[in-house]
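Each remark here refers to the structure printed beneath this line.
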Amino acid sequence: MSSQASNVCNDRNCPFHGKLSVRGDIIEGIVASAKAQRTVIVQRSYLHYVPKYMRYERRRSRIPAHLPPCISIKEGDKVRIASCRPLSKTVSFVVIEKLEGK
């Protein structure tokens, strides 16, 4: 019997199997990039109101998030991320759930 990466999680920054506490914002978005090791870029689209023209404009934000090894995700998947303590210079979110695929 071989141990799969989805079942083994010895990451101390995992909110389920490690010591990382989750607090604050919970955001849904689409994985734009999964090329870095244990890090994904989550893209979130939203509308911003411009009072001068009384219209909305589309905006997007790209949020780097830590990916625990117990969650398998690829580009295009819809995920839920939650804020946590800063894990690196840019990463302050962690993936907590995969919602749906492509």
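When the letters of the sequence shown are read in order and numbered with this note's numbering, they come out as residues 422 to 523.
C-beta atoms are modelled at their ideal positions from N, C-alpha and C, and glycine is treated no differently.
Does the beta-carbon of residue i have 16 or more other beta-carbons within 10 angstroms, so that it is buried, or is it exposed?
i: P489; result: buried
i: V429; result: exposed
i: V471; result: exposed
For a quick check, are the C-beta atoms of residue i and residue j less than 9 Å apart?
i: G445; j: C491; result: no
i: I448; j: I484; result: yes
i: R394; j: R481; result: Residue 394 is absent from the model: the chain starts at 422 and stops at 523.
i: L441; j: V515; result: yes
i: V461; j: G497; result: no
i: Y477; j: L468; result: yes
Tell me whether residue i sits in a helix, a strand or coil according to DSSP, three-state version.
i: R506; result: coil
i: D432; result: coil
i: K499; result: strand
i: K456; result: coil
>> So within the stretch 461–500, which uninterrupted beta strand (DSSP E) runs reach at least 3 residues, ignoring any that extend past its ends?
In response: 476–487
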